[in-house]
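Student: Residues in the sequence shown are numbered from 3 upward in steps of one, following the working numbering. Every residue gets a Cβ at the ideal spot worked out from N, C-alpha and C, and that includes glycine. Keep in mind the model is a prediction, meaning the values are calculated, not measured. What follows is a single structure, and I will ask about it in a moment.
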Amino acid sequence: MASITDTLNYAWRTRRVWWFTATSRTRARFARTFFGSFWLGFSNMLSIAALALVYGTVFKVENFQIYIVYLGLGLVIWNSIAGAISAAPNLFEQNSAHVQNTNLNPVFYTLEEWSFQIQTFVQSFGLVLLGLAFFQHSLLANFLLFSWLPIVNLILILYWVPLIVCLLGARYRDLYQLVPIALQLLFLLSPILYDKKNLGPLAWTADINPLYRVLSPLRHSLMHGGILWGQVASMLLLNVVGIIFGIWLLNRARKTLPFLI
């Protein structure tokens, strides 16, 4: 079984290849479209506008400008996390021909998918951030000054959580059906459309939700400036442990993986 260090070295040596293949997927995604990747941000802005109008009315928000920024940032970050996890259960199944017939390390396919999700996030988040800056002018300055470490946490969790999900999905096909349900429940229990205080006695669920623990500090740094050092540091530690554990699981499953898919 390859060591974690060997796998990380392999990932570094092949970085140009898996980034290039992910970029090719991104380009092919919007082939023969006039606006290209603009549609990612545009579709998110439409969703944000519709949800802000509906839930802003339902919750009777006092300041609509603050609410649309709060909801918009939460939604675009959540969509990136949920999209990466939703695509994970059948990742190895989609690449089954390559996994079964080549000696390519399976970590390559996880890194390619990770790169694709990062590129999707950057394209979508950038356009949404520019749009929301119309309502809160300090967003761009806060992004440049305070958001880098929270974004690192987001990028790291976009790798190791889908990695573990895709390994489980290769063994248990039911996961493909369960993941969307679990994500929907987590979304409803996460203070994205509403303030955390609206959860009442269930507010503790947000504190133990690792996806929200990534989302919340990033949204805070963008809206209010500054960094929630305690939350960011604890999440960074969890991300490091998650990556090590995920790669260890992948190395263990490497020999049996072709037979599972």
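(1) When burial is assigned at 16 or more other CB atoms within 10 Å of the CB, is residue 121 buried or exposed?
(2) Check for me: the alpha helix (DSSP H) holding residue 63 runs from which residue to which?
(3) Looking at C-alpha atoms only, which residue of 175, 208 and 178 is the closest neighbour of residue 189?
(4) Are there three or more Cβ pairs, one per stretch, closer than 8 Å when the region 52-64 is compared with the region 143-163?
(5) Quick check on residue 227: does DSSP put it in helix, strand or coil?
(6) So, for residue 90: in the same chain, excluding its five sequence neighbours on each side, which residues have a beta-carbon less than 6 Å away from its beta-carbon?
(7) Any contact of the region 74-84 with the region 113-131, i.e. 3+ C-beta pairs under 8 Å?
(8) Between residue 267 and residue 198, what straight-line distance do the alpha-carbon atoms span, to the nearest angstrom?
(9) Taking the alpha helix (DSSP H) that residue 12 belongs to, which residues open and close that run?
(10) Starting from the Cα of residue 126, find the closest Cα among 214, 210 and 46 and give me that residue.
(11) Which residues mark the beginning and the end of the alpha helix (DSSP H) in which residue 148 is found?
(12) For residue 239, tell me which candidate among 258, 224, 215 and 251 has the shortest Cα-Cα distance.
(13) Comparing C-alpha positions only, which one of 175, 135 and 116 sits nearest to residue 160?
(14) Sort 124, 29 and 151 by Cα distance to residue 232 and report the nearest one.
(15) Can you find a CB in chain B that lies within less than 8 Å of the CB of residue 25?
Tutor: The structure says:
(1) As a first step, residue 121 is located in the sequence shown; it is residue number 119 there, counting from the start. The residue is buried, with at least 16 neighbouring Cβ atoms inside 10 Å.
(2) Here residue 63 refers to the residue found at position 61 of the sequence shown. Element bounds for residue 63: n/a, residue is neither H nor E.
(3) In the sequence shown, counting from the first residue as 1, residue 189 sits at position 187. Residue 208 is the option with its Cα nearest to residue 189.
(4) no
(5) Numbered from its first residue, the sequence shown carries residue 227 at position 225. Residue state, collapsed to three classes: coil.
(6) For the purposes of this step, residue 90 is taken as residue 88 along the sequence shown, with counting starting at 1. Result list for residue 90: 164, 167 and 168, in chain order.
(7) yes
(8) The structure shown does not extend to residue 267, since the chain spans only 3 to 263, so no value can be given for it.
(9) Here residue 12 is taken as the residue at index 10 of the sequence shown, counted from 1. Element bounds for residue 12: 6-15.
(10) Walking along the sequence shown from the start, residue 126 turns up at place 124. Selected option, being the one with the closest Cα: 46.
(11) As a position in the sequence shown, residue 148 is number 146, starting the count at 1. Segment 141-148, the alpha helix (DSSP H) holding residue 148.
(12) On the sequence shown, position 237 is the one that residue 239 refers to. Nearest option by C-alpha distance: 215.
(13) Position 158 of the sequence shown, counted from the first residue, corresponds to residue 160. With distances taken between Cα atoms, residue 160 lies closest to 116.
(14) If you number the sequence shown from 1, residue 232 lands on position 230. Nearest C-alpha to residue 232: 151.
(15) Among the protein chains of the structure shown there is no chain B, as only one such chain exists.
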